[in-house]
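Have a look at the structure below before the remarks.
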Amino acid sequence: MLNGLFIQYAAPNQVGLNDLGTMSAAQLKVWLGNGGTARLRELLTQPRLDPVATATWWSGLGHTVEPATGKVTVGEEQQLLIDELPDVLGNLNGVTATARNLANRKKLLQMHDRWKKYREERGGKVDEGSQEDMINKVWESLYDSEGRPKTNPQDPSDIRQLISFAPFGLGTGSETGFGASISVGDLDAAKHVTYQLPGLDTTIGKDMASKTKQAKDQRLDQRALASRNGIDPDRIAVVAWIGVEPAQGLGVFSNDQAKVVGPALRNDVTGFNAVHQNLENTARTTAVGHSMGSLGAMEAAKTELPVDNLVLVGDVGAPDNVTSVNDLHLNPGGTVYRGTYDWDHIAEVGHGLGWQRRSTEDPGFGAVTFGTNGTTAPDGTVENPTKTHDGQTGGKDGVYGYFDRGTESSSNQAKIALGLSDQLTNVKR
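So the working numbering is basically just the index in the sequence shown, starting at one, shifted up by 205.
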């Protein structure tokens, strides 16, 4: 390892990641200005970079953690690297969510300003599915019409973190080429974390805002339940995960896209766990797959998905070579849950009407089934039934989706995420 005093003047190719931690902020700034930025990009984009090693390296650059809340504040050296390579650090597993959010927002604002100026000069409409459309939808999920970050004065813990952002149409695995994920709640500080994987035909350009709202609503359900059960309601995060978009259209009859979604989810969860391990924080983690999202989550778990709970909602059956929960590999003691309302014909079609994919409803599959058809809680509260395959409808015309607030489905998902499975309603084990 080189001495920080001399490394700032060393040839870039002589410098490794661990050498950066020996430099002061002033020395690091000199090195970056002497060709170090290109070397840093090379080091951070090498194949199969270990997220555990990355987490150790990143924390070694210096950040602070507030013991009472778990809040992370980036250090001066970290901020210098964020400013130099926001597109890399914003998507690098092993880097804290706090830092990734800063990096991704920096890149988002740069691109949003550029597209806004372009549209003001050229006029016309934004092409649906274009990069401009994608940028706008992510921006609208994070900022109000005046360009101010969305906040909640009644709940300071209700923050939004842009934890992944791939707007370049390259290498994400999505049909559009785009990827993005937004955490509602501080992912670094969270003690309970839920990843929500959306269903068929979801795209960032069309659905980022609605899926972020869905994550926010599930967090609200979890907060209410946490407060009644002695759990810290502020340290909860729910992620609207569209790191890779699910299958589109007739892709419902193929497992191909799920085989792309699965590894991407696994990598992100592994990176999250590496960060939490380095922060000495422990969280209960849950992955919730809706419709085709359930197929992607199971594809991840065929190899390993390091979460405590896997929840299949309105699922379309199990992927190839999965005949029971024993073929799905979660954290030790992890549990697979499922919930589908009685007349979900879209889920039935996704199963191939019994001939294409193994049904998760079969008793031999081994999943714990929770209620979605509506119930009345012991305190007299009516929890509405799910009556559509959709995620959320807002209760329009009395019809609720799987993720609408006030439904038995959403309530049961919250109980699973908080480790309160003994409170599940209409459960079959």
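Note that CB positions come from ideal geometry on N, CA and C, so glycine has one too.
Apply the 10 Å Cβ neighbour rule to residue i and answer buried if 16 or more other Cβ atoms are within range, or exposed otherwise.
{"i": "A273", "result": "exposed"}
{"i": "Y323", "result": "exposed"}
{"i": "N578", "result": "buried"}
{"i": "H397", "result": "buried"}
{"i": "A243", "result": "exposed"}
{"i": "H556", "result": "buried"}
{"i": "P511", "result": "buried"}
{"i": "E247", "result": "exposed"}
{"i": "T581", "result": "exposed"}
{"i": "P451", "result": "buried"}
{"i": "M206", "result": "Interpretation of M206 is limited by its pLDDT of 47, a score under 50 that renders its predicted location unreliable; the figure taken from the coordinates is listed afterwards. Classification of M206: exposed, given that the 10 Å Cβ count is below 16."}
{"i": "G240", "result": "exposed"}
{"i": "T612", "result": "buried"}
{"i": "E282", "result": "buried"}
{"i": "K330", "result": "exposed"}
{"i": "A260", "result": "buried"}
{"i": "A394", "result": "buried"}
{"i": "R562", "result": "buried"}
{"i": "E158", "result": "Residue 158 lies beyond the stretch modelled for the chain, which goes from 206 to 634, so this question has no answer here."}
{"i": "G603", "result": "exposed"}
{"i": "D609", "result": "buried"}
{"i": "R365", "result": "buried"}
{"i": "A258", "result": "exposed"}
{"i": "K312", "result": "buried"}
Identify every residue that forms a DSSP beta bridge with residue i.
{"i": "W446", "result": "S386"}
{"i": "S229", "result": "Answer is none; S229 lacks a bridge partner."}
{"i": "Y542", "result": "V516 and V573"}
{"i": "V527", "result": "DSSP, once it has assigned bridges, lists no residue as partnering V527."}
{"i": "Y605", "result": "T591"}
{"i": "T508", "result": "DSSP output for T508 lists no bridge partner at all."}
{"i": "V189", "result": "Summary: the structure shown does not reach residue 189, with the chain confined to residues 206 through 634, and so no result is reported for it."}
{"i": "R563", "result": "A523"}
{"i": "T580", "result": "E588"}
Can you tell me where the alpha helix (DSSP H) holding residue i begins and where it ends?
{"i": "I551", "result": "H550 to G555"}
{"i": "G265", "result": "P256 to G265"}
{"i": "T242", "result": "T242 to L249"}
{"i": "K620", "result": "E613 to A622"}
Is the CB of residue i under 9 Å away from at least one CB in chain D?
{"i": "V516", "result": "The question asks about chain D, but that chain is absent: this structure has only one protein chain."}
If you follow the beta strand (DSSP E) that residue i is in, where does it begin and where does it stop?
{"i": "S369", "result": "R365 to A371"}
{"i": "T278", "result": "V277 to V279"}
{"i": "A492", "result": "R489 to H495"}
{"i": "L641", "result": "Because residue 641 is not part of the residues shown, which for the chain are 206 to 634, the question remains open."}
{"i": "T630", "result": "Neither: T630 is in no beta strand (DSSP E) and is coded neither H nor E."}
{"i": "T269", "result": "H268 to V270"}
Open item on the list: If contact is defined by three or more beta carbon pairs under 8 Å, each pair taking one atom from either stretch, is the segment 250 to 266 in contact with the segment 476 to 494?
Closed with: yes
- [ ] Give, in chain order, every unbroken run of the alpha helix (DSSP H) that is at least 4 residues long and sits entirely within the segment 284 to 360.
- [x] 291 to 294, 302 to 327 and 336 to 347
- [ ] Could you pull out every unbroken beta strand (DSSP E) segment of at least 3 residues lying fully inside the segment 403 to 471, listed in chain order?
- [x] Counting whole runs of 3 or more residues, the segment 403 to 471 contains the beta strand (DSSP E) stretches 441 to 447.
Task: the segment 430 to 449 in contact with the segment 385 to 395 per 3-pair CB rule at 8 Å - done: yes
Open item on the list: Any contact between the segment 591 to 599 and the segment 545 to 554? By contact I mean 3 or more CB pairs, one from each, below 8 Å.
Closed with: By the criterion of at least three beta-carbon pairs nearer than 8 Å, the segment 591 to 599 is in contact with the segment 545 to 554.
Open item on the list: Whether or not the segment 395 to 410 and the segment 491 to 498 are in contact is what I'm after, with contact meaning three or more pairs of Cβ atoms, one per stretch, closer than 8 Å; do they touch?
Closed with: yes
Task: Given 8 Å, three or more beta-carbon pairs between the segment 527 to 544 and the segment 613 to 627 - done: Yes, they touch.
Task: Inter-stretch contact (C-beta, 8 Å, three-pair minimum) for the segment 410 to 429 and the segment 506 to 524 - done: no
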